[in-house]
Amino acid sequence: MAKGMVEGEKIDVGFSGRRCVHSRNCVLANPHVFEPNAPGEWIHPDAATVEQIVAIAESCPSGAITYRRRDGGPDEAPPVVNTVRIRENGPLAVHAEIVFNGETFHRATLCRCGASENKPFCDGSHSKTGFAATGEPALKESQPLAARDGPLVVTPQANGNLKLEGNVEIVTGTGPTIDRAAKVWLCRCGQSANKPWCDNTHKSVSWSTEGR
């Protein structure tokens, strides 16, 4: 399913197939709006209130579900604190004013197992490959940031790590902040001995991203 915007009377709902990780938050939260296994159109913006649809969209971890209000209400705003949440045995969930490849969006789920066919986004390959990496790494000493929001530029390095430039807090799966930085390099080959941070293992194992 490709990227597109489905128009409604009071709100338009968008979907990006490239960013979707099939968490099923949308179809579980309201199958009348997000109809599972539909043979055709599966998004129905007029089947719930604007507030209900906004809540569902903003709970989508990958940012695949977006919206554009037509009732004069505010569209989604960037978070007050930029975060990267480390999923146990899984991807990096980013919530920020993400700037990536000429686009700006607020949520993304990025591969850290190295096996995604949709790099830099997660496609669920970590489950198939048996990727194992804690979501609760040890605290890394850091100083509080002067600002905690603002643009976060995400730049996947060819055959290398994930470079994040901008204010960001690295957060464990259960919530504690373990690092704060204005620039950080995170592992995306899945083989660093210091996950989630890069330790340049991608060089020694000749890991290839095939340009992604």
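The numbering of the sequence shown is full-length UniProt numbering, which starts it at 1 and goes up by one. A virtual CB, placed ideally from N, CA and C, is assigned to each residue, including glycine. Everything numeric in this text was worked out from a predicted model, so none of it was measured.
Since serine 125 contacts glutamate 117 with CB under 8 Å, what's their CB separation in whole angstroms? The Cβ separation is near 7 Å, so the contact holds.
Exercise. In terms of residue numbering, what span does the beta strand (DSSP E) encompassing histidine 22 cover?
Worked result: Segment: none, histidine 22 is in no beta strand (DSSP E) and carries neither H nor E.
message: Using only the alpha-carbon positions, how far apart do aspartate 123 and valine 154 sit?
response: Rounded to the nearest whole angstrom, the C-alpha separation of aspartate 123 and valine 154 is 18 Å.
- Query: Three or more C-beta pairs closer than 8 Å, one from the segment 134 to 141 and one from the segment 83 to 91: is that the case here?
  - Reply: In the pairwise beta carbon analysis, the segment 134 to 141 is classified as touching the segment 83 to 91: at least three pairs are separated by under 8 Å.
N- and C-terminal bounds of the beta strand (DSSP E) containing lysine 163:
Lysine 163 -> beta strand (DSSP E) spans 162 to 171.
Item checked: Candidates Cys113, Pro120, Pro78 and Gly130, of which the one nearest histidine 106 by Cα -> For the residues Cys113, Pro120, Pro78 and Gly130, the minimum Cα distance to histidine 106 belongs to Pro78.
*Among Asp199, Arg69 and Ser208, which has the Cα closest to the Cα of tryptophan 185?*
Comparing Cα-Cα distances from tryptophan 185 to each of Asp199, Arg69 and Ser208, the minimum goes to Asp199.
Requested in this report: Ignore the nearest five residues each way along the sequence and tell me which others in threonine 174's own chain have a CB closer than 8 Å to its CB.
Outcome: Residues of the same chain with a CB within less than 8 Å of the CB of threonine 174, apart from the 5 flanking positions on each side, are Gly135 and Glu136 in chain order.
As an exercise, report each continuous beta strand (DSSP E) stretch of at least 3 residues that is fully enclosed by the segment 36 to 122, in chain order. Taking only runs of at least 3 residues, the beta strand (DSSP E) segments lying wholly in the segment 36 to 122 are 65 to 69, 83 to 86, 92 to 100 and 103 to 110.
* To the nearest angstrom, report how far apart glycine 72 and proline 45 are at their CA atoms. => One C-alpha to the other measures close to 16 Å.
Counting only the same chain and skipping the five closest in sequence on each side, list residues whose C-beta sits under 7 Å from that of isoleucine 53. If we look at isoleucine 53 and ignore the five residues flanking it on each side, its Cβ neighbours are Ile11, Val13, Val33, Pro45 and Tyr67.
For this session: Could you tell me whether the Cβ atoms of proline 39 and valine 99 are closer together than 8 Å?
Result: Not closer than 8 Å, so no.
Worksheet entry | 7 Å CB neighbourhood of isoleucine 161 in its chain, flanking five on each side removed | In the sequence as displayed, the identity of residue 161 is asparagine instead of isoleucine. For asparagine 161, the CB contacts under 7 Å within the same chain, skipping 5 residues up- and downstream, are Trp185, Leu186, Cys187, Arg188, Cys198 and His202 in chain order.
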